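Undergrad: Counting from 1, one number per residue, gives the positions in the sequence shown under the UniProt record's numbering. Beta carbons are placed, not taken as given, at the ideal position from N, Cα and C, and that holds for glycine. These figures come from a predicted structure and were not determined experimentally.
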Amino acid sequence: MEAIYNQGRAKQLKEASTSINPIANFATRMETASLLVHATCLPFLASIVCSIIGSSTATKPHGLVTKLIHYDSILSPFHNAKASTSDRAIRAVENSIARLAYLKAASESSSSDIRGDVIAGDYGRIFYVNISIGEPAIPQLVMMDTGSSLLWVRCFPCSSPCVSDKRIFDPSKSSTYSPLACNSSYCVPSTGHCDSSKNRCLYEIRYVDAANSRGYYALEKMTFVTPDEGIIEVRNVVFGCAQAIYEPFEQSSGILGLGAKKLSLAIRMDFMFSYCIGNISDPHYTHNQLILGKGAILQGYSTPLEVHKDLYYLSLEGISVGNKRLPMPPMTFQRDQMGNGGVIIDSGATWSYLVRPAFEPLKREVQNLIGGKLELFRYGDHPDWLCYIGIVTRDLIGFPVVTLHFSGGADLELDIENVFHSMEDRKFCMAVDVVDGKVPGVSSVIGVAAQQYLNVGYDLSAGMLYFERIDCELLED
């Protein structure tokens, strides 16, 4: 079991500095940029993209690789060197619970296009990506979100109060900015999403807390930093230029949606992407990465991937602890005819959530295995949580692997750091909660903690998801 526990660990950086500023470094690299990759026209974007560039013969990028920056990483502008284990744990829990509100709203949305999307503001803020937009290039730090499809950033002029910020994009100063007209396929004039006075296509995203973000659809050049300090540019990317935002986004500039709707950058980049996640509890771990396009890593176990309401669903068939298959009703993880239920794989929740018929057998089995070896304690106002006094990496060596059995024979083995999360210096909890009673109606969720030490690949054209246990640092070689 100790071998399983150690599997997939990446070496921590020895000489990391808390003075790293990814946005400043990005701007410097942009000054020496020379690599330019043009985009081609996907069939369903032809009416927009081809009409703008006037040609369907341009080449498109085969793929791009960029760092994923965890919120607590030393590479993040949010990094707080004085934050304790408890501070980071509280934020992860609050973020995960808020993310559930988003998933509920998104799964219940009846709209079929981006204007009806409901997102959770600055919640789901786990991983960020450095990009730059326009010409001249303006650096941005956007949140990666697999639960929405639109790439949007804050723009001038601001109709709502906004501070002076050099990262806020001013389209009037970009030579590559091109607003989408009302006759584009993203506009439905009959519903009032056309600014007829300017012949521009408007978008609006509603938030869980009734706030919103709205602005104009446009085409623009996006630039991504690669792990080897290079850059890749992608032209004529559909994005939202947000001029009214009624939700604080702290130091982030917007959202990079990687959902499966037609305006998603994941669709633009050959219908595929992958990400590799390492140790999210270590601020000095800097090897997380995102790959968009044909370079995406689609290896390891594979299982069918379904899209419903812009969320990614997997077919989970059961759970084992060690060699013991846990008893639960056969329909536990299936979606009903209305689309309710099922299992979502998500990039915005740290913790995982199970419906009660699955959560209770797992909780009982963990309690039976630990027995009286460790003292139980109650963490705050969370009666369903299973928490102990102890240290995960010391007191749980030899703990059996928890296996998620997906359709197609794909087994995801979770070790102790996938299943348990340190809450204080000598206290930890099972990083799995019951969804019932938190946000009723929400599906089970596979969160980021369960995806640590994995490369996860999405093949949207084939409808398959791949996962493989790997040291993310190896992907940088």
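1) Where do the N-terminal and C-terminal ends of the beta strand (DSSP E) with I470 fall, by residue?
2) Measuring alpha carbon to alpha carbon, tell me which of A260, G278, V93 ends up nearest D270.
3) For my contact list, Y388 and L374 are in at a C-beta cut-off of 8 Å; report their separation, rounded to the angstrom.
4) Give me the Cβ distance between F467 and L454, rounded to the nearest whole Å; I'm assuming they're in contact under 8 Å.
5) Buried or exposed: where does A81 fall if 16 or more other Cβ atoms within 10 Å of its Cβ makes it buried?
6) From L103 to G147, what does the alpha carbon distance come to, in whole angstroms?
7) Given a cut-off of 8 Å, decide if L150 and L180 are closer than it, judged by their beta-carbon atoms.
8) Give every residue of the same chain whose Cβ lies closer than 8 Å to the Cβ of L414, excluding the five residues on either side of it in the sequence, and list them in chain order.
9) Smallest Cα separation from S185: which of L263, N418, P357?
10) Looking only at its chain, what residues have a beta carbon closer than 8 Å to the beta carbon of S19, apart from the 5 residues adjacent to it on each side?
11) Name the residue from A137, E135, V142 whose alpha carbon lies nearest to the alpha carbon of R125.
12) Hey, how far is the Cα of C155 from the Cα of P171?
13) To the nearest angstrom, report how far apart G463 and F127 are at their CA atoms.
14) Could you tell me the alpha carbon to alpha carbon distance between R88 and N199, rounded to whole angstroms?
15) Please classify P139 as buried or exposed, where buried requires at least 16 other C-beta atoms within 10 Å of its C-beta.
16) Do E220 and the ligand FAD come close, with the Cβ less than 7 Å from some heavy atom?
17) Is S73 closer than 8 Å to T286 when the C-beta atoms are compared?
18) DSSP has W152 in a bridge; who is on the other side?
19) Have a look at Y379 and Q452 and give me their C-alpha separation to the nearest angstrom.
20) Give the list of continuous beta strand (DSSP E) stretches no shorter than 3 residues that lie fully inside the region 288-327.
21) Evaluate K221 with the Cβ neighbour count: other Cβ atoms within 10 Å of its Cβ, from every protein chain shown; 16 or more gives buried, anything less gives exposed.
22) To the nearest angstrom, how far is it from the Cα of E204 to the Cα of R214?
23) Is E135 helix, strand or coil when you go by DSSP?
24) Taking the alpha carbon of R268 as the point to measure from, which residue in P283, L292, Y275 has its own alpha carbon closest?
25) How close, in whole Å, do the beta carbons of D145 and L256 come, if the pair is a contact with beta carbons under 8 Å?
26) Is P157 helix, strand or coil when you go by DSSP?
27) Quick one: using the 10 Å Cβ neighbour count with 16 as the cut-off for buried, is I397 buried or exposed?
28) Can you check DSSP and say which residues form a bridge with K427?
29) Pick out whichever of G409, P383, L369 has its Cα sitting closest to the Cα of D395.
30) What number of angstroms, rounded off, separates the C-alpha of G300 from the C-alpha of N418?
31) Determine, using beta carbons only, whether L68 and Q334 come nearer to each other than 8 Å.
32) Output needed for A358: all residues of its chain with C-beta closer than 6 Å, excluding positions within five of it in sequence on either side, in chain order.
33) Are the beta-carbon atoms of F239 and I232 separated by less than 8 Å?
34) With DSSP as the reference, identify every bridge partner of Y353, one or two as the case may be.
35) Is it right to say T393 is buried, meaning 16 or more other beta carbons lie within 10 angstroms of its own, or is it exposed?
36) Quick one: residues in its chain with C-beta nearer than 7 Å to the C-beta of Y177, no 5 flanking neighbours on either side, listed in chain order?
TA: Considering the structure as presented:
1) Boundaries cannot be given for I470, as no beta strand (DSSP E) includes it and DSSP labels it neither H nor E.
2) For D270, the nearest C-alpha among the options comes from A260.
3) Rounded, the Cβ-Cβ distance is 4 Å, consistent with contact.
4) Yes, they are in contact, since the Cβ atoms of F467 and L454 sit about 5 Å apart, within 8 Å.
5) Of the other Cβ atoms in all chains shown, fewer than 16 fall within 10 Å of the Cβ of A81; this residue is therefore exposed.
6) If I take the Cα positions, the gap works out to 8 Å.
7) The answer is no: Cβ separation not under 8 Å.
8) Taking L414 as the centre and dropping the five residues before and after it, the same chain places the C-beta of V401, V402, T403, L404, A450 closer than 8 Å to its C-beta, in chain order.
9) For S185, the nearest C-alpha among the options comes from L263.
10) Note that S19 scores 33 on pLDDT, short of 50, meaning its location in the model is unreliable; the coordinates nonetheless yield the value given after this. The beta carbon of S19 is closer than 8 Å to none in its chain, skipping five residues each way along the sequence.
11) Nearest neighbour of R125 by Cα position, chosen from A137, E135, V142, turns out to be V142.
12) Approximately 7 Å, taken between the alpha carbons.
13) Roughly 24 Å separates the two Cα atoms.
14) Distance between the alpha carbons of R88 and N199 is about 46 Å.
15) Buried, by the Cβ-count rule.
16) No copy of the ligand FAD occurs in the structure displayed, which carries no ligand at all.
17) With respect to S73, T286 sits close: the two C-beta atoms are nearer than 8 Å.
18) In the DSSP assignment, the residues bridged to W152 are G240, I255.
19) Approximately 24 Å, taken between the alpha carbons.
20) If only complete runs of 3 or more residues are kept, the region 288-327 shows the beta strand (DSSP E) at 289-293, 301-308, 311-314, 316-321, in order along the chain.
21) Label assigned to K221: buried.
22) Roughly 4 Å separates the two Cα atoms.
23) In this structure, E135 counts as coil in the three-state DSSP scheme.
24) For the residues P283, L292, Y275, the minimum Cα distance to R268 belongs to L292.
25) Correct: roughly 7 Å between the Cβ atoms.
26) Note: P157 maps to coil in three-state DSSP.
27) So I397 counts as exposed.
28) BP columns for K427 point to I389, E424.
29) Answer by Cα proximity: L369.
30) Their Cα atoms are separated by approximately 18 Å.
31) No, Cβ-Cβ distance for L68 and Q334 is not below 8 Å.
32) If we look at A358 and ignore the five residues flanking it on each side, its Cβ neighbours are M328, T332.
33) No, the pair does not count as a contact, with Cβ atoms beyond the cut-off.
34) Answer is D433, V445, bridged to Y353.
35) An exposed status is given to T393, since fewer than 16 other beta-carbon atoms sit within 10 Å of its beta-carbon.
36) Taken in chain order, the residues that qualify are G134, P171, A218, E220.
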